[in-house]
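Beneath this line is the structure, given in structure tokens, with notes to follow.
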Amino acid sequence: MKKGDHLFLIDGSGFIFRAFHALPPLTRKTDGLPIGAVSGFCNMLWKLLRDARNTDVGVTPTHLAVIFDYSAKTFRKDLYDAYKANRSAPPEELIPQFGLIREATRAFNLPCIETEGFEADDIIATYARQAEAAGADVTIVSSDKDLMQLVSPNVHMYDSMKDKQIGIPDVIEKWGVPPEKMIDLQAMTGDSVDNVPGIPGIGPKTAAQLLEEYGDLDTLLERATEIKQVKRRETILANIDMAKLSRDLVRLRTDVPLDLDLDALVLEPQNGPKLIGFLKTMEFTTLTRRVGEACDCDASAIEPAVVHIEWGEAAHGPDLSAAEPEPVAGGIPEVSGESVPVPPRAKAKAAVEGAFSPADLAKARAEAFATLPFDHTAYVTIRDLATLDRWIADARATGLVAFDTETTSLDAMQAELVGFSMAIADNTADPTGTKIRAAYVPLVHKNGVGDLLGGGLAENQIPMRDALPRLKALLEDESVLKVAQNLKYDYLLMKRYGIETRSFDDTMLISYVLDAGTGAHGMDPLSEKFLGHTPIPYKDVAGSGKANVTFDLVAIDRATHYAAEDADVTLRLWLVLKPRLAAAGLTSVYERLERPLLPVLARMEARGITVDRQILSRLSGELAQGAARLEDEIYVLAGERFNIGSPKQLGDILFGKMGLAGGSKTKTGQWSTSAQVLEDLAAAGFELPRKIVDWRQLTKLKSTYTDALPGYVHPETKRVHTSYSLASTTTGRLSSSEPNLQNIPVRTAEGRKIRTAFISTPGHKLISADYSQIELRVLAHVAEIPQLTKAFEDGVDIHAMTASEMFGVPVEGMPGEVRRRAKAINFGIIYGISAFGLANQLSIERSEAGDYIKKYFERFPGIRDYMESRKAMARDKGYVETIFGRRINYPEIRSSNPSVRAFNERAAINAPIQGSAADVIRRAMIRMEPALAEVGLGDRVRMLLQVHDELIFEVEDDDVEKAMPVIVSVMENATMPALEMRVPLRVDARAATNWDEAH
DNA sequence: CCCCAACCGTA
DNA sequence: GTACGGTTGGGGG
0 MKKGDHLFLI DGSGFIFRAF HALPPLTRKT DGLPIGAVSG FCNMLWKLLR
50 DARNTDVGVT PTHLAVIFDY SAKTFRKDLY DAYKANRSAP PEELIPQFGL
100 IREATRAFNL PCIETEGFEA DDIIATYARQ AEAAGADVTI VSSDKDLMQL
150 VSPNVHMYDS MKDKQIGIPD VIEKWGVPPE KMIDLQAMTG DSVDNVPGIP
200 GIGPKTAAQL LEEYGDLDTL LERATEIKQV KRRETILANI DMAKLSRDLV
250 RLRTDVPLDL DLDALVLEPQ NGPKLIGFLK TMEFTTLTRR VGEACDCDAS
300 AIEPAVVHIE WGEAAHGPDL SAAEPEPVAG GIPEVSGESV PVPPRAKAKA
350 AVEGAFSPAD LAKARAEAFA TLPFDHTAYV TIRDLATLDR WIADARATGL
400 VAFDTETTSL DAMQAELVGF SMAIADNTAD PTGTKIRAAY VPLVHKNGVG
450 DLLGGGLAEN QIPMRDALPR LKALLEDESV LKVAQNLKYD YLLMKRYGIE
500 TRSFDDTMLI SYVLDAGTGA HGMDPLSEKF LGHTPIPYKD VAGSGKANVT
550 FDLVAIDRAT HYAAEDADVT LRLWLVLKPR LAAAGLTSVY ERLERPLLPV
600 LARMEARGIT VDRQILSRLS GELAQGAARL EDEIYVLAGE RFNIGSPKQL
650 GDILFGKMGL AGGSKTKTGQ WSTSAQVLED LAAAGFELPR KIVDWRQLTK
700 LKSTYTDALP GYVHPETKRV HTSYSLASTT TGRLSSSEPN LQNIPVRTAE
750 GRKIRTAFIS TPGHKLISAD YSQIELRVLA HVAEIPQLTK AFEDGVDIHA
800 MTASEMFGVP VEGMPGEVRR RAKAINFGII YGISAFGLAN QLSIERSEAG
850 DYIKKYFERF PGIRDYMESR KAMARDKGYV ETIFGRRINY PEIRSSNPSV
900 RAFNERAAIN APIQGSAADV IRRAMIRMEP ALAEVGLGDR VRMLLQVHDE
950 LIFEVEDDDV EKAMPVIVSV MENATMPALE MRVPLRVDAR AATNWDEAH
């Protein structure tokens, strides 16, 4: 770049927001995709590139780049945690446009620039200064005041909306100071939109006046005592640090590392057909014609392009991670008494951003759909490619489609695709006028068994080989938001067909974030709750029991009713639920803890883990032998044969026939034969109960593990693939089923043998990494307990420390029983302790347990305060929160039934602790794959399992040493940078060829 | 065939 | 005392 060149730097992210507000609110394509900002952007670019002399800017660029924000995790966030903390989420209409604008930039053959850790403004500043140094002129296309500090004799700004240049005199006119003093001015005035604090009470006028008088901020701060106005002097003196911090925040960096140097920004010739293809897709007819004329192309001969958008911040807008306030260090606001204030300006802005605030929209949608009837006769069966292509084009046009698969199995790892359904919404801008249409695409339905043709492929179905590429294009298209219910299933299924779903929402997960604790999140209950509609039960379509058939045997017209309805319901649920996220301030929980975990879990499930069937088989034999021997002995002692596995029969034998004392009864009046009861009897010297306990252990291990696990080995992968549920616990934990790999035995030596059957493939190791005492650490953090915090910092035995505090016993030479009691109390605290429960656990009198609790609270009064505050919050608000803002609702906390109420209170005490720990490991899991990829281990370290506080990986032998520190570091730093805990997290990791030895 | 209670494995 | 899922027995339809 040289003198005479002219570099244009376009603030792409800023443009979208400005265009959105400047243009009519709902500029849309014929089918509803909002493209107002994209349209404005393309027109502006075209003008700049072709007709620059017709605009006030008056020059034609030689170099040009469009700059975007990459993410909110910029260095400013490190300087000031609350930076941009009160940004509200961008309006729905804006979201698809972020990606489209990048696509438009590429269609114009222009470079898209973004750099991790920096805002667009910093990149612009760096380029501007470099170009200036090279003697070139610069025009920054933006009207953002944050960029005005860059204006100089050679650097101008250009407000494309007002078609107006901004030079040094314009800055002085508007702000009262020259550009080089803008930094100091902004440092004083602050910025409520970006949450830059500034000095309270100092606005632009006062700031300009002060700068006029003192020259610059440093001088002002040094001589602040000279200020005559008492109040102003006091505020400035009190906010010196804030002013300096604010200056660091508003000062743009000019040293951003750049991938492309200035010369790479030189304007390339336009690719007419490529640009026209894009413009046609966007339905910009006027611009299409102009471009066609200018490049001498026959626009009518060019097909609309398949628009493909880069994933990343793009599809959901820049800075979305800053859309929700990151919790400040200090955790649960109600505990610390801190909360992030929402400045009035931000509120006012939100109110005018669209016809509806999120809350209004949520309310309007809820009312519109609460009773809207379902018309099954309107559902379409798509049987030819032309119709399918039309529907897919409609989905692209509206940027939104509900999607559901129909398959042969509930197991996504085994299921075969039979067909799929779609639902499309027209006119979503009008909540009461939104129209939904739905269709089913049968692919491999067979003629019914009773049919004359008998089991052959039914006629008039689109061949799989034609449908899949189209489905792939749609599902992988990041400019189309796919909405599904329980998407992990469909995601995994489609992944097995080589399709990776991108840009998605899951109504189940949205409901889970909004309403955890208030009921199930399956489609049927949600449909009942929000749509007043009972969907066709699956068994009505596919039969049940013996008459049960796979979906490919269901007649296509019946299948259409069922499948299209599912897509219809899903889309309606999304319309109702999605705006509630923003209204409730839960968008970031959904977008940072929930949605990104879905593909991570899908990959874990797809990987599976190897279990050694030989080991299990041998163990099963041993267990059978042991159980058989015990059975013989039990029958002798009982004097008769009976079903030992029947608690009822066993109770009759023990407490009836043999007349043993000390039995308690269950709530149905049966004799209890629980392990606790049997252990007590055994301790009293009876032989039979001991043998029953042993027999139970052996048969439990055999039936639940050694015999069941081999049945879960996948016929093709030869591995076991569990299924994780993201939305079945109230607290945010995952659950695992079919098989449940979160309850593999570990506590007894016999049980641990099961773990030896979980093995690594040859040449590999399993790495198990688990958080040490994570829940107690979370407790120490949220309740701010100094002794606990210190103990964790010093790495001392936490239970021994507790015992020492409580009983005054030194840790050295502490009797095991004393420590055991303290440990039980610590766990009891986490569970919302009661004297009754602690007494049970320790087999002591309730009064004694009560004394322990009293003593504990005397030593740790902060814990009692914490517990009381959780109960109060649950009572007042109906919910409690984790450290990352996840909500857990307790609708029954005010029950008049004291035991129901007490139960809810204990749960409300436990949930923030258990749930925060769950959030922490979720963050670690989400970050794990990118972190491993960064050190070149992306495809060499495979995360397989999660067991609440433990992650299990499979790693090639040679990579173990390299992988372990990365895994440990990601887990230990999982709360950062969002939140720094008062207590360090510690992770232990080991590698071995089987899970038992690795753990 | 479905559902519930009891029991027990995990964190 | 919190949070889960799986197996078994047993009752009811």
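For the first sequence, counting from 1, position 575 maps to 574 in numbering that gives the first Met the number 0; every step adds exactly one.
For each residue, glycine too, the CB sits at the ideal point set by N, CA and C.
Under 7 Å Cβ to Cβ from A186, same chain only, skipping five residues before and after it: list those, please. Here residue 186 refers to the residue found at position 187 of the first sequence. Closer than 7 Å at the Cβ level, and outside the excluded window around A186, lie G197, L216, A242, S245, R246 and V249.
Find out if the Cβ-Cβ distance for the pair A674, V692 is shorter than 7 Å. Here residue 674 refers to the residue found at position 675 of the first sequence. Here residue 692 refers to the residue found at position 693 of the first sequence. Yes, the pair counts as a contact, with Cβ atoms nearer than the cut-off.
For P595, which residues in the same chain have their Cβ closer than 8 Å to its Cβ, ignoring the five residues on either side in sequence? On the first sequence, residue 595 is found 596 positions in, with the first residue counted as 1. I925, listed in sequence order.
Taking the beta strand (DSSP E) that H5 falls in, what are its first and last residues? Within the first sequence, the letter at position 6 stands for residue 5. Its beta strand (DSSP E) spans residues H5 to D10.
On the DSSP letters alone, give me the boundaries of the alpha helix (DSSP H) that M970 sits inside. Your numbering for residue 970 matches position 971 in the first sequence. That run of the alpha helix (DSSP H) goes V959 to E971.
By a C-beta neighbour count over all protein chains shown, 10 Å radius and 16 as the cutoff for buried, is P256 buried or exposed? On the first sequence, position 257 is the one that residue 256 refers to. Exposed, since its Cβ has fewer than 16 Cβ neighbours within 10 Å.
Residue ranges of each alpha helix (DSSP H) within the region 901-956, 4 or longer: none
Do three or more CB pairs link the region 387-398 to the region 702-716 at distances below 8 Å? no
With burial defined as no fewer than 16 other Cβ atoms inside 10 Å of the residue's Cβ, what is the status of P578: buried or exposed? Stepping through the first sequence from its first residue, residue 578 is reached at position 579. By the 10 Å Cβ count, P578 comes out buried.
Rounded straight-line distance, which links the Cα of M942 to that of A930: As a working mapping, residue 930 is identified with position 931 in the first sequence. As a working mapping, residue 942 is identified with position 943 in the first sequence. Taking the straight line from one Cα to the other gives about 12 Å.
K1 in three-state terms, based on DSSP: Taking the first residue of the first sequence as position 1, residue 1 is located at position 2. The answer is coil: DSSP assigns K1 none of H, G, I, E or B.
In three-state DSSP terms, what is Y770? Counting from 1 along the first sequence, the entry for residue 770 is found at position 771. If DSSP states are grouped into helix, strand and coil, Y770 belongs with the strands.
Near Y634, which residues of its chain fall below 6 Å by C-beta distance, leaving aside the five closest residues on each side in sequence? The sequence position of residue 634 within the first sequence is 635, counting from 1. Cβ within range, chain order: R640.
Neighbour-count burial assignment, T1052, 16 or more Cβ in a 10 Å radius: Within the shown structure, residues of the chain are numbered from 0 to 998, placing residue 1052 beyond reach of any answer.
Taking C-beta to C-beta, are A626 and L677 nearer than 7 Å? The residue you call residue 626 lines up with position 627 of the first sequence. The residue you call residue 677 lines up with position 678 of the first sequence. Taking 7 Å as the Cβ cut-off, A626 and L677 do not qualify as a contacting pair.
With C-beta atoms as the reference, is A834 less than 7 Å away from A848? The count along the first sequence starts at 1 and reaches residue 834 at position 835. The count along the first sequence starts at 1 and reaches residue 848 at position 849. Yes, the Cβ-Cβ distance between A834 and A848 is below 7 Å.
Which same chain residues, not among the five before or five after A962, have their C-beta less than 6 Å away from its C-beta? Working through the first sequence from its first residue, we reach residue 962 at position 963. Closer than 6 Å at the Cβ level, and outside the excluded window around A962, lie L936, V940 and V954.
When the distance is taken between beta carbons, is T104 closer than 7 Å to V140? By 1-based counting over the first sequence, the position of residue 140 is 141. By 1-based counting over the first sequence, the position of residue 104 is 105. Going by C-beta atoms, V140 is not nearer than 7 Å to T104.
Spatial neighbours of P744 in its chain, beta-carbon cut-off 8 Å, leaving aside the 5 residues before and after: Translated into positions along the first sequence, residue 744 becomes position 745. L700, Y704, G750, R751, I753 and R754, listed in sequence order.
So what does DSSP say about Y79, is it helix, strand or coil? As a working mapping, residue 79 is identified with position 80 in the first sequence. Three-state result, Y79: coil.
What is the DSSP secondary structure of K666, reduced to helix, strand or coil? Translated into the one-based positions of the first sequence, residue 666 becomes position 667. Residue state, collapsed to three classes: coil.
DSSP three-state call for G134: helix, strand or coil? Here residue 134 refers to the residue found at position 135 of the first sequence. It is coil, neither helix nor strand.
Buried or exposed for N642, going by 16 or more other Cβ atoms inside 10 Å? Along the first sequence, one-based indexing puts residue 642 at 643. Flag for N642 reads exposed.
Considering only residues of the same chain and omitting the five flanking positions on each side of R985, which have a CB-CB separation below 6 Å? The count along the first sequence starts at 1 and reaches residue 985 at position 986. Excluding positions up to five away in sequence, the list reads S771.
Under a Cβ-count criterion, where at least 16 other Cβ atoms within 10 Å of its own Cβ denotes burial, should L409 be classed as buried or exposed? To locate residue 409, count along the first sequence from 1; it is residue 410. Exposed, since its Cβ has fewer than 16 Cβ neighbours within 10 Å.
Reduced DSSP category for K434 - H, G, I as helix; E, B as strand; rest coil: Your numbering for residue 434 matches position 435 in the first sequence. K434: strand per DSSP, three-state reduction.
Of the choices S619, I34, V719 and D359, whose alpha-carbon is the least far from that of T609? Against the first sequence, residue 609 aligns to sequence position 610. Checked all of S619, I34, V719 and D359; the closest Cα to T609 is V719.
Does the beta-carbon of V982 have 16 or more other beta-carbons within 10 angstroms, so that it is buried, or is it exposed? Translated into the one-based positions of the first sequence, residue 982 becomes position 983. V982 should be labelled buried.
Contact under 7 Å by Cβ, V37 with Q129: Along the first sequence, read from residue 1 onward, the residue named residue 37 stands at position 38. Along the first sequence, read from residue 1 onward, the residue named residue 129 stands at position 130. Their beta carbons are not under 7 Å apart, which means V37 does not touch Q129 by this criterion.
Three-state secondary structure assigned by DSSP to S38: Counting from one through the first sequence, the residue named residue 38 turns up at place 39. In this structure, S38 counts as helix in the three-state DSSP scheme.
Would you call the region 538-555 and the region 517-526 touching, i.e. three or more CB-CB distances under 8 Å? no
Within 7 Å, strictly: CB atoms of A566 and M421: Counting from 1 along the first sequence, the entry for residue 566 is found at position 567. Counting from 1 along the first sequence, the entry for residue 421 is found at position 422. Yes. Within cutoff.
Using the C-alpha atoms, what's the distance from S478 back to L1024? One cannot answer for residue 1024 here, as it falls past the ends of the chain, which runs 0 to 998.
Mind listing, in chain order, the continuous alpha helix (DSSP H) runs of no fewer than 4 residues lying wholly within the region 353-403? 357-368 and 384-397
Are the region 0-13 and the region 257-265 in contact at 8 Å, needing three or more beta carbon pairs? yes
Would you mind reading off the limits of the alpha helix (DSSP H) that contains D260? Your numbering for residue 260 matches position 261 in the first sequence. Neither: D260 is in no alpha helix (DSSP H) and is coded neither H nor E.
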